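Working notes for the structure below.
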Amino acid sequence: MSSKINIGFIGLSKGRWAEHAHATYLQNSSIYKIKALANSTLESAKSAAETFGIDKYYGTPEELAQDRNVDTVVVSVKVPLHKQLIMPAIQQGKNAIVEWPLGRNLQEAEELTALARSKGIKTMVILQARQSSVIKKMNEIVDSGKLGKILSIHIYASGAAWGSAIDTANAYVANIANGVTLTSVPGGHTLDAMCYVFGEFKSVTATMHNARKTIEVRDEKGDTIREEPMTSHDQMSVSGLLTSGAYASIHLRGGSYKGTNLLWEVEGTQGELQIRGTTGHLQLSSPTLFASFNGEDLTEIKLDEEHGAHVNVGRAYDEFAKKDGIYPSWEDAVVRHQRLLAFCVIAQLAPTWILWTINKQTRMNTWHSGLFDCFSDWNICCYGCFCPACLFGENAEKIDGSSCCNSGCLWYLMSGWGLCCVTHIGKRKALRERFNLGEDCNDCLATTFCSVCAICQEARELKHRLLSTEGRPVVAQPMSTAYNSFGQSELKK
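The sequence shown begins at 372 in the working numbering and counts up by one.
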């Protein structure tokens, strides 16, 4: 890269999360440079600038956004302030990076994403758990097939906050209206990491419970100074079937405990995996991975790579800097917000377990590219023109796990008889159903008369939706009807 990406940072101060997770990476990066910062006051911005050796500092996000030397603005502050602090940067056409959750609720996330889309800027939300060395190794093992067919995934974790007591700086998390809940924070990071490896839920049941009605607020010495109402849930349970057919369950509980605080169990026909840790916040911690293959005892898998919160965030920045990097955009953040809100609404609607088939409730998505937008991706275009059967086979494997070789050979044989649509149309339909894509052209006509173009379009769609090389979807169909019917403030037990 010929020049660095110039960062304008909002929320950087000594001894806080932004220093540990962001500045540790950015100040030692050959890719990025912090050119300016802004804090809540000009005085605090000046103090931080002196601490971190940054030349420019501002007292408002508007002034920072107008700095011509800033390419990308990063916001790392409390969630209720995300929208108002990043909005000036979007309006100035700056690329934008914001911590998860993107906004207090789905409405804020959708508003920010719509504005960013209209400005044509590049965006990222920091969902860094998927960058964890443990998650990457788990993904590698699952992709290798060593576990056989994945049968079930069970996750049991503690949220640290939302327990019996909280420090004064974080007391705001007890109020569900602030959007920093057990469901949105550890729930959002955990769900994103699980779906990154195993795929999205296609049907789900959910329960949210508020067992603690109040929470003690304690000072730095640990003394209780007051008691506040807690409207955020302290118990979250979600379970259902994934698109792969595996069963998955997640149980999060508020607080920290002497016993189990993080346990993932993955069951396959030929082996099993476990993740164990001291906190349910996978994105912040350095958990341990264990594996068993073919009936052997569980043994720890040693990871050579460095790991931890700052490493995970740094890897996210690395992906953002790449031309074809794989990272969660704000579009993906909206999907995650929609999923989590849907879970809350499901739990709110039913006094006992209910089944909510998500695919039936979502609005139609649009294709990322048109049937004849061949030159929007030269690599796929050339591959599809010269080896359409191979590309079709790879698409089929990503769509529903079909054999790449068998699918490609079948398409090749059928195309020789002019009947490629017979095998093609089913895969195209499966792709549309998986991502809830509308029919912008007739599938029968496309697969009969423009089969190669249709194959290329499907490959571009799969690439856009951030499938891993073995075809697990990172992005799922959005759930919007939940928010349209229920406001954020109504999600209280």
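C-beta atoms are modelled at their ideal positions from N, C-alpha and C, and glycine is treated no differently. Values in this document were obtained by computation on a predicted structure and should not be read as measured data.
Contacting residues, own chain, Cβ-Cβ under 8 Å from residue i (five flanking each side not counted)
i: L473; result: H453, E479, A480, L483, T484, V496, W701, A704, V705 and H708
i: L674; result: S504, V505, K508 and L660
i: H678; result: S503, S504, V505 and S657
i: L435; result: G379, I381, A407, L408, A409, Y429, V441, V444, P459 and A460
i: I402; result: M372, K375, I376, Y688, D689 and A692
i: Y698; result: M495, A687, E690 and F691
i: A487; result: I461, A467, T494 and W701
i: R589; result: A536, I537, D538, T539, T595 and I596
i: H391; result: A680 and H681
i: L633; result: Y527, A528, S529, I646, R647, G648, T649, T650, G651, L653, S656 and P658
Separation of residue j from residue i, as counted between CA atoms
i: D594; j: I492; result: 47 Å
i: Q499; j: V568; result: 14 Å
i: L802; j: K406; result: 44 Å
i: K772; j: D748; result: Strictly speaking, residue 772 in this sequence is Gly, with Lys absent from that position. G772 and D748: Cα-Cα distance of roughly 24 Å.
i: T585; j: N813; result: 57 Å
i: K385; j: E414; result: 14 Å
i: D438; j: R475; result: 27 Å
i: W471; j: G789; result: 50 Å
i: V446; j: E599; result: 28 Å
i: F691; j: I596; result: 43 Å
i: D689; j: G696; result: 8 Å
i: I468; j: G424; result: 22 Å
i: V551; j: C791; result: 51 Å
i: A817; j: C776; result: 23 Å
i: L808; j: K800; result: 9 Å
i: C815; j: A713; result: 34 Å
i: A389; j: E636; result: 32 Å
i: C566; j: H560; result: 10 Å
i: L383; j: A394; result: 8 Å
7 Å CB neighbourhood of residue i in its chain, flanking five on each side removed
i: N766; result: K798, I826, E829, A830 and L833
i: C752; result: C745, F746 and C827
i: T614; result: G570, E571, K573, R805 and P844
i: Y754; result: L762
i: W758; result: Before going further, note that residue 758 is Cys rather than Trp in the sequence given. So no residue of the chain qualifies.
Test item: CB-CB of residue i and residue j under 9 Å
i: I512; j: L644; result: yes
i: V684; j: Q502; result: yes
i: F664; j: G611; result: no
i: T443; j: N410; result: no
i: H622; j: D605; result: no
i: L711; j: G558; result: yes
i: Q641; j: L518; result: yes
i: A619; j: S523; result: yes
i: I639; j: I770; result: Before going further, note that residue 639 is Gly rather than Ile in the sequence given. No. Outside cutoff.
i: T794; j: S774; result: no
i: G464; j: K490; result: yes
Residue(s) in a DSSP beta bridge with residue i
i: P600; result: T585
i: W635; result: I526 and I646
i: D538; result: R589
i: H622; result: Y527 and S608
i: I717; result: I717 pairs with nothing; no bridge assigned.
i: V505; result: According to DSSP, V505 bridges with nothing at all.
i: E671; result: F661
Beta-carbon contacts of residue i that lie in its chain and below 6 Å, excluding the five residues immediately before and after
i: N549; result: P451 and Y543
i: E883; result: In this structure the chain extends from 372 to 864, so residue 883 is not present and cannot be described.
i: T578; result: S608 and A718
i: S786; result: none
i: L655; result: A680
Residue i beta carbon near the ligand NAP (any heavy atom closer than 8 Å)
i: M565; result: Ligands are entirely absent from the displayed structure, and the ligand NAP is therefore not among its contents.
Counting beta carbon pairs with one atom in the segment 753-768 and one in the segment 820-831, are three or more of them shorter than 8 Å? yes
For the segment 531-540 and the segment 619-636, state whether three or more C-beta atom pairs, one from each stretch, are separated by less than 8 Å. yes
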